[in-house]
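Some notes on the structure that comes next.
Residue numbers (my numbering), protein chains in the order written: chain A, 232 to 511; chain B, 77 to 177.
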C-alpha cells in the first residue's frame, strides 16, 4: 500500500504573489517563513507526488454544468492561466503530472453521490499557482496531481461529504496504488474572505483564529460539527468555504497532530492567511 | 450575505457566465470588449436586464439577476482592468460600491 508522507494546508490569496508588499514587514516575514517551512517539509518527505486540493473558482467549468471534484490527469501542469498572470504577477511554470496515478484516483473516487470528473487540460489561477510558488514546490521536480473542487456553486458538497471524500481518497491510496509510492496531500484555500461580495475587502479574523485553534485541538468530530458550510459562509460567503479543501485532507489522514504555522489578517491580501502542517 | 442568500438569486443558466468564461480564455475577445463592447455583447444571447446591467456596470443588479459572485468579481476586473497593486483597486472598489450602495 502506498503511504501518505506529508499533509499540510495553506491559503492561496492572490495578494501573496500579486501584491505581497502591501502588508507590513512582520506579516510578510511570518507568511514567507511558514510557506517555506511547508516547502522544506515537502522536500524532506521524499514524495513521489503531491495531491493538491483546491477550489476551481469557476475557472475550468461554467456554473451551468459544474462538477464536484476533478482529478487532473495531465502529463504536465502549467499555469497560471494566461489572463491571471498579470494579476498574480507570475510567469509561466511547468510541473510534471502523474497520469497513471491520477487515473487510478479518478476511477476509484467516482460515485458516492458526488460528481467526479477527470481532465488533462486543467487551468490554474491563484488556487494552485500561489502555494506552489510560495512553498517552492513548482521547482522541486515532484509530480503534481491537482484535485479541483466545487466550493461555491450550489449545491456545494458540505463538510461531512468532503471529509468522507477524504476518507475515500485515503482508502484508494492504501488499497489501489503501488506500494512504494509516497504521497503528499495539500489543502489550498481559505481562510475567511468574500470574493465578489459586499464584504470583499473584509476578513473575519475571529473566525480564522477559532478555526485554527480547533484544528490544533484536533477533535475532527467537533470540527465537522461546528465548522459547518453555513458557519464558513457567515465568515465570508463564497470564499471561506475553500477550507473544505483542508477538510478533504483531514478526512484522508484522520486525527493527527496539527501545528499552525502562521496567521495574518491583512485586508489588502483579501483573505485571512494561515497555514498548517499535520504530522503524519 | 450567505450562500443561502446568494442561492435565492443564483441562476446557473445566465449567459453572463458564458461571457465571463469566454473573456477569461480569449485575449482577442478581451481586446474587442475594450474597443467594441456593444459588438461583443451582441454575440451573446443576454436577456435585456443582463445586458443593461453590464452596460451600466450595475453589479448589484447582476447579482440579483443571479450571476455568481466569482463571475461578478472577474467581470469587474475584465471591465476595469486586471492590474491590481492594491486591495482597493478600481475594479474591486467599483464592485463593492455597487453591491453596498
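Positions of the beta carbon are idealized from the N, C-alpha and C atoms, including for glycine.
The alpha-carbon of residue 339 of chain A is positioned some 8 Å away from that of residue 400 of chain A. Counting only unbroken stretches of 3 or more residues, the beta strand (DSSP E) elements lying wholly within the region 326-388 of chain A are 347-350, 374-380, in sequence order. Residue 92 of chain B has a beta carbon lying at 8 Å or more from every beta carbon in chain A. Residue ranges of uninterrupted alpha helix (DSSP H) with 4 or more members, entirely inside the region 113-150 of chain B and ordered along the chain, are 113-118, 124-131, 135-141. Annotation for residue 297 of chain A: 381, 384 place their beta carbon closer than 6 Å to its own, counting only its chain and skipping 5 residues before and after.
Around residue 348 of chain A, the same chain offers 298, 301 as residues with beta carbons nearer than 6 Å, after the five sequence neighbours per side are excluded. Contact residues of the region 422-452 of chain A toward chain B are 425, 426, 427, 428, 429, 430, 431, 432 (C-beta to C-beta distance below 8 Å).
The DSSP-derived three-state label of residue 397 of chain A is helix. Where residue 300 of chain A is concerned, the enclosing beta strand (DSSP E) starts and stops at 300-303. One finds 427, 431 in chain A with Cβ atoms closer than 8 Å to the Cβ of residue 171 of chain B, taken in chain order.
Taking a beta-carbon distance threshold of 8 Å, residue 132 of chain B does not count as an interface residue toward chain A. Separation of the CB atoms of residue 482 of chain A and residue 377 of chain A is rounded to 18 Å, and the pair is thereby denied contact status at 8 Å.
Counting along the chain, no beta strand (DSSP E) covers residue 481 of chain A; the unbroken alpha helix (DSSP H) around it starts and ends at 475-484. In the structure shown, the three-state DSSP call for residue 297 of chain A is coil.
Within chain A, the residues whose beta carbon sits less than 8 Å from that of residue 147 of chain B are 289, 294, 427, listed in sequence order. For residue 494 of chain A, the uninterrupted beta strand (DSSP E) segment begins and ends at 489-495.
Closest option to residue 321 of chain A, judged by alpha-carbon separation, among A:249, A:353, A:343: A:249. The continuous beta strand (DSSP E) containing residue 308 of chain A extends over residues 307-310. Within the same chain, Cβ atoms closer than 6 Å to the Cβ of residue 363 of chain A are found at 369, the five residues on either side in sequence being excluded.
In chain order, 434, 436, 503 place their CB closer than 6 Å to the CB of residue 496 of chain A, counting only its own chain and leaving out the 5 sequence neighbours on each side. From the beta-carbon of residue 103 of chain B, the residues of chain A found nearer than 8 Å are 313, 314.
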